[in-house]
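**Q**
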Amino acid sequence: MSTLSYPMIGIYTSGTKLTEADLQAVNPDPHKNVGIKWVIKRNRKSPRCSALTANFLRETCQQLPIMSQSNTNTGLYADEHAIFRVRRDLQFPVPEEGELLIETQFSGANPADVKHATFLGIYPAVLGYDFCGKVLQAPPQSSFSPGDTVAGYTPTGLNRPAGYGTHQQYLVCPEDMAFHVPANLPPHHAACLSVVTMTAADTLYSIFKFPLPGTKDTEKTGKPVLIWGASSSVGLCAVQLARASGIYPIFVTASPQRHPLLLELGATQCFDYRSPDVVSQIKSALEQGQWSSIDYAFDTVGSYGGTGSAQLMAECVSEEACLVSVVVQRDPKFKMPIATPNRDCTIRVHGAPRPITIPARPSDYVRAWQALQWAVTNYGAGFQFPSVDVVSGTAENALEQVQALGDGARGFGKLALEHPLL
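Sequence positions in the sequence shown follow full-length UniProt numbering and run 1 to 422.
1) Please report the straight-line C-alpha distance between residue 23 and residue 140, rounded to a whole angstrom.
2) When the Cβ atoms of the stretch 230 to 247 are set against those of the stretch 285 to 304, are three or more pairs found closer than 8 Å?
3) Am I right that residue 213 and residue 374 are in contact with their C-beta atoms under 8 Å? What's the rounded C-beta distance?
4) Out of curiosity, what's the CA-to-CA distance linking residue 317 and residue 146?
5) Looking at the secondary structure, which residues open and close the beta strand (DSSP E) in which residue 150 lies?
6) What do you reckon, are the CB atoms on residue 186 and residue 137 nearer than 7 Å?
7) Per DSSP, what kind of secondary structure is residue 74 in: helix, strand or coil?
8) Leaving out five residues before and five after residue 57 in sequence, what residues of the same chain have Cβ atoms less than 7 Å from its Cβ?
9) How far does the beta strand (DSSP E) with residue 108 in it extend, from its first residue to its last?
10) When DSSP labels each residue in this structure, what does residue 247 get in the three-state scheme?
11) Could you have a look at residue 254 and say whether DSSP puts it in helix, strand or coil?
12) Hey, residue 108 and residue 167: beta-carbon distance below 7 Å or not?
13) Since residue 122 and residue 90 are thought to touch, with beta carbons under 8 Å apart, how far apart are those beta carbons, to the nearest angstrom?
14) Could you spell out where the alpha helix (DSSP H) holding residue 296 opens and where it closes?
15) Considering just the uninterrupted stretch of the beta strand (DSSP E) at residue 347, what are its terminal residues?
16) Quick check on DSSP: helix, strand or coil for residue 331?
17) If I follow the unbroken alpha helix (DSSP H) through residue 365, where does it start and stop?
18) Check the DSSP bridge columns for residue 134 and list the partner residues they point to.
19) Compute the Euclidean distance between the alpha carbons of residue 222 and residue 252, then round it to the nearest angstrom.
20) Under the three-state reduction of DSSP, which class applies to residue 259: helix, strand or coil?
21) Which residue marks the beginning of the beta strand (DSSP E) containing residue 287, and which one marks its end?
22) Determine the contact status of residue 170 and residue 103, defining contact as a CB-CB distance below 7 Å.
23) Would you identify the three-state DSSP class for residue 316, choosing helix, strand or coil?
24) Roughly how many whole angstroms lie between the Cα atoms of residue 418 and residue 98?
25) With distance defined between alpha-carbon atoms, name the residue in 354, 350, 403, 337 nearest to residue 197.
26) Is it buried or exposed for residue 203, if we count other Cβ within 10 angstroms and need 16 for buried?
27) Taking C-alpha atoms, which residue in 287, 273, 205 lies nearest to residue 367?
28) Should residue 247 and residue 279 be called a contact, given that it needs their Cβ atoms to be closer than 7 Å?
29) One question on the structure: do residue 416 and residue 390 come within less than 7 Å of each other, judged by their Cβ atoms?
30) Along the alpha helix (DSSP H) that carries residue 113, what are the first and last residues, could you check?
31) Quick one: measure Cβ to Cβ for residue 281 and residue 84, integer angstroms, because I've assumed they're closer than 8 Å.
32) For residue 80, which residues does DSSP report across the bridge?
33) Which of helix, strand or coil does DSSP assign to residue 394?
Set out below in structure tokens:
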């Protein structure tokens, strides 16, 4: 155990701007916090300075408890053949400018953890996007401090840095994609919140152009919206956000056992998606309510082809309706939301001849982030996940659960992995 009297975070967060002369003058006494800042990026143009920086960091990090074991960052991984496995030798991530270093407490699982590797070509990569954890390091002048409990999510796309994977003990996250966790939000719930809420928010506020929750424009609209598969995690978020935005009526489909819950969360009328005449039932409800048509429809399930969820939903709406599905649909009428519109995202769709880049929509990200912050502030009193299952224990068991989720073999509710994985 080192006699170092200050943690690694003290090196990073002081904000001192170092020159080559500063580095040469570093006092080797570990009892004096010399205010070293990460300068790898700043000093790339000076080989001498870069070498001194690297040597200092290497010597210092060897003394730090969190870095003293070289192969202790265990995580879930998709290898170069898109085969899922456990790795116990993941490199300890190093934050770049504008990023937080976080010790993971819980990571939230999503079907995308698996499907992004198998369908979008995002591999090799550490799995996972959602998280809740403790800040170990923060940039200078950041709104975050070491020791803060934060949650958020990380970017996606080809060549995704390993540190962005959240199903590992230590991760890095851009600070603009993290938020402080308030007392009303349990950490394992916080770990599951960002991806699905941002996906629903991108649909409602960027594509449908509904008013944000909590604004003066949230009186009941009289414009019907249809949410297909409303008991999915994205669907649950969409129902609650739509209610908070004054959208009315909110028609939803789900299994009958979920109807009471959905009505409680804000649905106006529920339909059994497995009913052979579900389309005619929805159209009949429109006529009875004297609404002319459904002009907004959101498929939160994302099945393909034939009489899948997207096709059935399309049969219920007007010709001019705005249609959204959580997966890419062959029908060009459908749009697809994205949880990370703040950055360009390059993917390789399975079967496509070349990668495609989805351009960033920064203003849409700001709008969706406001909706997420509303959900955080009002969690437990206006917005909630009815069920969050926590998986702890071995990494192998966690991987099985994540793969089952990706394959559609898990039931209702969100899934959080407790860290460290054994």
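Here a beta-carbon is modelled for each residue, glycine too, at the ideal position from N, C-alpha and C.
**A** Taking the coordinates as given:
1) Here residue 23 scores only 38 on pLDDT, less than 50, and its place in the model should not be relied on; the value that follows carries that caveat. Answer to the nearest angstrom: the Cα atoms are 19 Å apart.
2) yes
3) 5 Å
4) 50 Å
5) 149 to 153
6) no
7) strand
8) Any reading at residue 57 needs caution, since the residue's pLDDT is 46, under 50, leaving its predicted position unreliable; the model's value is listed next. Here the set comprises nothing.
9) 99 to 109
10) coil
11) strand
12) no
13) That pair is no contact at about 17 Å.
14) Unbroken run through residue 296 is the beta strand (DSSP E), 296 to 299; no alpha helix (DSSP H).
15) 345 to 347
16) coil
17) 362 to 377
18) 103, 149
19) 16 Å
20) helix
21) Counting along the chain, residue 287 falls outside any beta strand (DSSP E), though it belongs to the alpha helix (DSSP H) covering 278 to 288.
22) yes
23) coil
24) 26 Å
25) 337
26) buried
27) 205
28) no
29) yes
30) 112 to 118
31) Not really, about 40 Å apart at Cβ, beyond 8 Å.
32) DSSP, once it has assigned bridges, lists no residue as partnering residue 80.
33) coil
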